[in-house]
Amino acid sequence: MGQGGSEPTAQPLLVFPSFCFFHAIWALPWLPFLALLLLPESQLRVVGPGQPVTATVGQDVVLPCHLSPQRDARTLDVRWIRDHISETVHHYRNGEDLYREQMGAYAGRTELVRDGLSAGNLDLRITGLRPSDDGLYVCTVGDGHAYDEAIVELEVSVFSVFTGVLEGNNHNIVRALGTGC
Numbered sequence: 001m002g003q004g005g006s007e008p009t010a011q012p013l014l015v016f017p018s019f020c021f022f023h024a025i026w027a028l029p030w031l032p033f034l035a036l037l038l039l040p041e042s043q044l045r046v047v048g049p050g051q052p053v054t055a056t057v058g059q060d061v062v063l064p065c066h067l068s069p070q071r072d073a074r075t076l077d078v079r080w081i082r083d084h085i086s087e088t089v090h091h092y093r094n095g096e097d098l099y100r101e102q103m104g105a106y107a108g109r110t111e112l113v114r115d116g117l118s119a120g121n122l123d124l125r126i127t128g129l130r131p132s133d134d135g136l137y138v139c140t141v142g143d144g145h146a147y148d149e150a151i152v153e154l155e156v157s158v159f160s161v162f163t164g165v166l167e168g169n170n171h172n173i174v175r176a177l178g179t180g181c
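Okay, here's the thing in structure tokens:
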């Protein structure tokens, strides 16, 4: 209490001008767009094919995976692993292939497809497919601040099926070609 018995009057802590409400209403429809602009560049979204990749024993195959939105992946840490055993199939970091952790079964048979890295493609090529290559693969990507992954299913068949007509014969045939294991 001050002299003369009068109480000090409290001042409001925050004062909002009357036009602030108008600005808030005007900005509301733009909030989702503004939020996208404020997302840090380090956020990653890894996308797989959404359906199984099929190939035959002995063939070469490319397992597709990419960043969305498109972003240069040459300086990222890209690792392909087998889902059921969590072992490294291929590891790439900052422009180099790292083979120390690679499973012996994939030694000399994998490569990250380099021509698409600058556009965010993280495709893995596996050569000389084996029946044991069948299964789930996980494409993982990290940049020190963010991490994401996508699952790619590879279905490896032991036989290829040829459907056709024998020359000189009007009978349709189905012939299974064994590739040997």
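Residue 129 in full-length UniProt numbering sits at position 129 of the sequence shown, with consecutive numbering throughout. Where a beta carbon is used, it is the ideal one built from N, C-alpha and C, also for glycine.
With 16 other Cβ atoms within 10 Å as the buried cut-off, status of residue i
i, result
"G144", "exposed"
"S118", "exposed"
"T110", "buried"
"A107", "exposed"
"R114", "exposed"
"H84", "exposed"
"G120", "buried"
Within 8 Å, strictly: CB atoms of residue i and residue j
i, j, result
"H90", "L129", "no"
"L44", "Y137", "no"
"Y92", "V78", "yes"
"V158", "L63", "no"
"L67", "L154", "no"
"C139", "V46", "yes"
"G48", "R82", "no"
Reference residue i, options the options, closest by Cα
i, options, result
"G116", "V57, Q59, Q70 and H84", "Q70"
"S132", "V156, T140, C139 and Q51", "V156"
"G142", "R82, E101 and R74", "R74"
"Q102", "G58, S86, R114 and G50", "S86"
"G104", "D97, T88 and L112", "T88"
"G50", "D72, C65 and R82", "C65"
"E96", "G58, D134 and L76", "L76"
"T56", "W80, L112 and I126", "I126"
Can you list, in chain order, the stretches of the beta strand (DSSP E) that have 3 or more residues and sit fully within the UniProt domain "Ig-like" (40-157)?
-> 53-56, 61-63, 77-82, 88-93, 110-112, 124-126, 135-142 and 147-157
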